[in-house]
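Here the structure comes first, spelled out in structure tokens, and everything after it is commentary.
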Amino acid sequence: MSSLIFYTDPKQVFVVTDTLAIVHQEDGSARPFLFTSKALYLPHLRMIVAGTGMGGFSDDWFRVINTQMLVHGIENLDEHAPRKLAELWDEFTALPEYIDGKTTTIYHFGISEESGEVAAFAYRSANGFASERIGYGIATKPGVEVPDGNLIDHIKEVMDRQRRSEAASGSADRVHIGGEAIAIHLTANECKHSSLFQFEDFEQDSAEAFSNV
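Throughout, my numbering is defined as the position within the sequence shown, counted from one, plus 1028.
This is how it looks when you write it as structure tokens:
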């Protein structure tokens, strides 16, 4: 359950996520569990893996790519990803901690080994992890309006809109957003990570998470 904001054009990728992970309690409520990186970089493939939805699955997928797959890059990986993701999802949903009905979406952002330009893909469990090539532009998940101007100047405003929207939904499946906003900027020559800000309730969430250790 995450905030994901990204911008792509032929020469660069900019990805921002929050870091809060929650755990559902027996009464259906959620509490802070830990802080985690929700977008991870694979330098040897020049690509970023990010995930939304069911927590932990994108970490397992990152491990599979990094330790079990021999591929040339993001395009080559796309040939195998739908089948391998479906196999991993079958294993994941059989675990006792899996919450029935939860879904996930995996995102790949990287530099194409074929064109040398940015390529991006989405794979959704609800769609059998079929490959979806993502066009250039800005997107947010959960979806909210993005102000005009330089995206990085509006990340806090966009994430606050996401938090308000999800809090107002009243849904048991609402997305919980918090911790820090972590940005990854990828070009053909380098990848930079940065912490943009901490949310106002970071210390409160941190204290609650540590109180349950």
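Where is the CB? At the ideal position from N, CA and C, for every residue including glycine.
Nearest C-alpha to N1155 among V1174, A1114, M1187: A1114. Cα atoms of E1208 and F1238: separation of roughly 16 Å, rounded to the nearest angstrom.
A1150 is a Cβ neighbour of E1160, given a cutoff of 9 Å.
Within 10 angstroms of the beta-carbon of Q1190 lie 16 or more other beta-carbons, which makes it buried. Distance from the CA atom of I1134 to the CA atom of H1100, rounded to whole angstroms, is 19 Å.
DSSP, reduced to helix, strand and coil, places V1186 within a helical segment of the structure shown. With a beta-carbon spacing of about 7 Å, T1131 and M1082 fall inside the 8 Å limit used to define contacts. The Cβ atoms of D1055 and L1068 lie no closer than 9 Å to each other. Relative to V1077, the option among P1060, A1147, P1038, A1122 whose CA is nearest is A1147.
Between the alpha carbons of I1033 and A1122 lies a distance of about 30 Å. Around the beta carbon of R1074, a 10 Å sphere encloses 16 or more other beta carbons of the protein chains shown; the residue is thus reported as buried. DSSP assignment within the region 1200–1236 yields the following whole beta strand (DSSP E) runs of 3 residues or more, N-terminal first: 1208–1214, 1219–1226.
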